[in-house]
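>
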Amino acid sequence: MLVSACLLGLCTRYDGSHARRREVFDALGARTAVAVCPEQLGGMATPRPRVEIRGGDGADVLDGRAAAVDEEGRDVTALMLRGAFQTLGLARISSAREALLKERSPSCGVVAVARGAGERSGRGVAAALLERNGIRLKGFS
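At position 111 of the sequence shown (counting the first as 1) the number is 112 in our numbering, and the numbers step up by one without a gap.
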């Protein structure tokens, strides 16, 4: 099972923190976790500038209708896409059928992605790609 690395307690979030959640360990049970951080897998550093999706959600980024832009104004769409495809590769190698992902993340959001100080409904880039490839998603705040 894929799990957002930050939810497991690894300091992979944009600000160098983690988002460890007991509920994630409860949901994982005895299954093996494959920790993923799509943004790191795409080549982004930690810490890194906050990223938001402009013009849609992760599915729109995959379809070329939206872009991922960091708070310094840099287009990081290619890095986000690379990370999403690397994450999918790990899902395939590990035969993962489910992913426990960090809500509000521009990569991992399942129901919502961050948008400036707020949020918008929709999936993150990696979450959208995983879903398109038959991976079941569950989000954790």
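Cβ atoms here follow ideal geometry from the backbone N, Cα and C, with glycine treated the same way.
1) Below 8 Å, how does it come out for the region 26-41 and the region 58-76: are there three or more Cβ pairs, yes or no?
2) Give every residue of the same chain whose Cβ lies closer than 6 Å to the Cβ of A85, excluding the five residues on either side of it in the sequence, and list them in chain order.
3) I need the straight-line Cα distance from R21 to E104, nearest angstrom please.
4) Is the beta carbon of E53 closer than 8 Å to that of A115?
5) So what does I94 bridge to, in DSSP terms?
6) Label S18 either buried or exposed according to how many other C-beta atoms from any shown protein chain fall within 10 Å of its C-beta, with 16 as the threshold for buried.
So, from the data block:
1) no
2) Residue mapping note: residue 85 aligns to position 84 of the sequence shown, counting from 1. Answer for A85: P39, V126, A127, L130, listed in chain order.
3) As a first step, residue 21 is located in the sequence shown; it is residue number 20 there, counting from the start. As a first step, residue 104 is located in the sequence shown; it is residue number 103 there, counting from the start. Going by the C-alpha atoms only, they are around 12 Å apart.
4) Your numbering for residue 115 matches position 114 in the sequence shown. Your numbering for residue 53 matches position 52 in the sequence shown. It is a contact, given that the beta carbons lie within the stated cut-off.
5) To locate residue 94, count along the sequence shown from 1; it is residue 93. DSSP lists no partner for I94.
6) For this step, residue 18 is matched to residue 17 along the sequence shown. Exposed is the call here.
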